[in-house]
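Every letter in the sequence shown is one number past the one before it in UniProt numbering, and letter 98, counting from 1, is 98.
We put the CB at the ideal spot given by N, CA and C, even for glycine.
Have a look at the structure below, then the notes.
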Amino acid sequence: MNGSANSLLDKEEHPLQLGESFERRPKASFHTIRYDFKPASIDTSCEGELQVGKGDDVTITLPHIPGSTPPMTVFKGNKRPYQKDCVLIINHDTGEYVLEKLSSSIQVKKTR
């Protein structure tokens, strides 16, 4: 971990809330996405598209910056359920620390 990541955590105690994903019928779900390669030409200011197909097949389409060829990158892969993993969400504006269960891990590769 680099120094900038640690500077976001202080050495104070904070109350930890369990988020909605811990409820019996959660209204929210959280996922991780791992790419094998993400081109620098992807336009991070635009929305992409994530599609879950039959089974656990996943397709992610991300647009490129204007004028790039091709105009988008398509990734394909699958999702797998998480059993015990969580993510800590820190709201620096409100000081809230919320723990949420991760639902699935999505692993994709750039299509060629």
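Contact between tyrosine 82 and leucine 102 holds: CB atoms are separated by about 4 Å, below the 8 Å threshold. A distance below 8 Å between beta-carbons, with the five flanking residues on each side excluded, links alanine 28 to the following residues of its chain, in chain order: Gly19, Glu20, Ser21, Glu100.
Distance from the CA of asparagine 78 to the CA of leucine 62, rounded to the nearest whole angstrom, comes to 17 Å. Using a 10 angstroms sphere on the CB of isoleucine 89, the tally of other CB atoms stays under 16, which defines it as exposed.
Secondary structure note for glutamate 20: it is in no beta strand (DSSP E), with a DSSP letter that is neither H nor E.
DSSP places aspartate 36 in the coil class of the three-state scheme, outside both helix and strand. In this chain, aspartate 93 is not harboured by any beta strand (DSSP E), its DSSP state being neither H nor E. Secondary structure note for phenylalanine 75: its beta strand (DSSP E) is the uninterrupted segment 72 to 81. DSSP places glutamate 49 inside the beta strand (DSSP E), whose first and last residues are 49 to 52. Met72 is the residue among Ile33, Met72, Asp85 whose C-alpha sits nearest the C-alpha of proline 39.
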